[in-house]
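Novice: Shown below is the structure under consideration.
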Amino acid sequence: MISKLRYGLHAFVSTKIKNWQHLDEQEASVWIRRWIGKRAYEVFWQRLFALKFFEYKDNLSAAWIWSRIKRVGVSRKSLMQEQMGYLEGGSQTLLDEFGKAISALGGKFNLKTAVRQLSIKNNALDVLRTDVDSRHYDAVFSTIPLPLVADIIPALPDEYKQKYRSVQNMGVVCVILQMKKPVSDNFWLNISDEAIDIPGIIEFSNLRPLGTHVVYVPYYMPQTHAKHDMSNDEFIAEAQSYIKKLNPDLADDDFSHAHVSRYAFAQPICPPGFLKKLPPIETDIKGLYIADTSYYYPEDRSISESVRLGQKMAAMYRG
Ligand SMILES: Cc1cc2nc3c(=O)[nH]c(=O)nc-3n(C[C@H](O)[C@H](O)[C@H](O)COP(=O)(O)OP(=O)(O)OC[C@H]3O[C@@H](n4cnc5c(N)ncnc54)[C@H](O)[C@@H]3O)c2cc1C
-12 MISKLRYGLH AFVSTKIKNW QHLDEQEASV WIRRWIGKRA YEVFWQRLFA LKFFEYKDNL
48 SAAWIWSRIK RVGVSRKSLM QEQMGYLEGG SQTLLDEFGK AISALGGKFN LKTAVRQLSI
108 KNNALDVLRT DVDSRHYDAV FSTIPLPLVA DIIPALPDEY KQKYRSVQNM GVVCVILQMK
168 KPVSDNFWLN ISDEAIDIPG IIEFSNLRPL GTHVVYVPYY MPQTHAKHDM SNDEFIAEAQ
228 SYIKKLNPDL ADDDFSHAHV SRYAFAQPIC PPGFLKKLPP IETDIKGLYI ADTSYYYPED
288 RSISESVRLG QKMAAMYRG
């Protein structure tokens, strides 16, 4: 009971904290343990940290984890009921509208076109080389993952390149399952069970009615992890076995479709004092702005944060 009360108090206090600067230099697991004690930490948090951050689990920023606790804590209609939103049609709706607005202003998209190199001359933008052409642009806003930036812009100062390269990211293998029946009534289910090697499942159809049941099972892991080499079929089989453990009423023929996606830059790892380790978004090279999801700090990745940071970067542009 004491552990539960301490856990609840910590979550409540986290929703009331406005100034996060004092948490920036603190380590997340130390901060949480101080509030909720060893027992509650072991039951609730320990496995979540271990299965999402592996070797980085004991060097995370308290400010980053606080912003996640707060986000969940304030997403509530009442004490007992969470409230979250979604876009009709998903992110595609937002992207389609962006696309229309940008095209109407004369913008052009080159999709599936990798940027290979950006050269710099006299501390100014020179030529941007892509798979299709090489051109000069007045401004470049780079939002590709930071560790990839240094190789694409070799003329950047060594100090910047070293900082971009040093941002670590957790990869993800994301298994999406379409089901004939629901797994649970929850949108989000955290799991802390020695027999289940995932930190949780997200039952998307419990947030957004889809006319079918869709669950995603994220396997966050460094790309160096032995499990990363498992085949897609092995991931699907394991995810299905976990789902059946969570809901023993489900049988093999309740799984209709499965899909696996992999992404190396799924989650930037934010150690204490993270923001100070990042170069400024506006670089010393006129017209060059560089950021990725790391700059949402202390907020976590989300489409809302992408939009907020995009607006901030656009406002920095001096023409
Ligand atoms: C499992 C998972 C679940 C999530 N769920 C949610 C959710 O429910 N709600 C939510 O709001 N957010 C969610 N997010 C977070 C959301 O996906 C991110 O915040 C968002 O994708 C960030 O967008 P971005 O464009 O900044 O970066 P990214 O999506 O990382 O895009 C970077 C892009 O750069 C491209 N690129 C790399 N190199 C080059 C190059 N040389 N030339 C051109 N392009 C290049 C990559 O191909 C990639 O498309 C989730 C993330 C994950 C991993």
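FYI, the numbering for the sequence shown is -12 to 306, going by the numbering used here. We put the beta carbon where it would ideally sit given N, CA and C, even for glycine. These numbers were taken from a predicted model, which means no experiment stands behind them.
1. In whole angstroms, what separates the C-alpha of Tyr203 from that of Asp216?
2. Could you round the C-beta distance between Leu47 and Ala27 to whole angstroms and report it? I think they count as a contact, below 8 Å.
3. Hey, does His9 have any beta-carbon neighbour from chain B nearer than 8 Å?
4. Does the region 67 to 81 come into contact with the region 97 to 109, if we say contact requires no fewer than three beta-carbon pairs (one atom in each stretch) closer than 8 Å?
5. Is DSSP giving Leu(-8) helix, strand or coil here?
6. Among Pro144, Asp241, Val114 and Asp184, whose alpha-carbon lies nearest the alpha-carbon of Phe40?
7. Is Gln298 near ligand 1, with its Cβ less than 7 Å from a heavy atom?
8. What does the Cβ neighbour count give for Thr280, buried or exposed, with the cut at 16 atoms within 10 Å?
9. For His200, does the three-state DSSP call read helix, strand or coil?
10. Are there 16 or more other CB atoms within 10 angstroms of the CB of Ala278, so buried, or fewer, so exposed?
11. If you pair each beta-carbon of the region 158 to 172 with each one of the region 246 to 265, do three or more pairs fall below 8 Å?
12. Any heavy atom of ligand 1 closer than 7 Å to the CB of Ser291?
13. Could you name the residues that DSSP lists as bridge partners for Arg116?
Specialist: Let's see:
1. Walking along the sequence shown from the start, residue 203 turns up at place 216. Walking along the sequence shown from the start, residue 216 turns up at place 229. Cα-Cα distance, rounded: 20 Å.
2. In the sequence shown, the residue the question calls residue 47 occupies position 60. In the sequence shown, the residue the question calls residue 27 occupies position 40. About 18 Å; that fails the 8 Å criterion.
3. You won't find chain B in this structure, because it holds only one protein chain.
4. no
5. On the sequence shown, position 5 is the one that residue -8 refers to. Here Leu(-8) sits in helix by DSSP.
6. Translated into the one-based positions of the sequence shown, residue 40 becomes position 53. Checking every option, the nearest Cα to that of Phe40 belongs to Asp184.
7. For this step, residue 298 is matched to residue 311 along the sequence shown. Outside the cutoff, so no.
8. One-based indexing of the sequence shown puts residue 280 at position 293. Thr280 should be labelled buried.
9. Walking along the sequence shown from the start, residue 200 turns up at place 213. Residue state, collapsed to three classes: strand.
10. As a position in the sequence shown, residue 278 is number 291, starting the count at 1. Buried.
11. As far as the Cβ criterion goes, the region 158 to 172 touches the region 246 to 265, which means the pair count is three or higher.
12. As a position in the sequence shown, residue 291 is number 304, starting the count at 1. Yes, the Cβ of Ser291 comes within 7 Å of a heavy atom of ligand 1.
13. Here residue 116 refers to the residue found at position 129 when the sequence shown is read from its first residue. Under DSSP, Arg116 takes part in a beta bridge, and its partners are Gln104 and Ser121.
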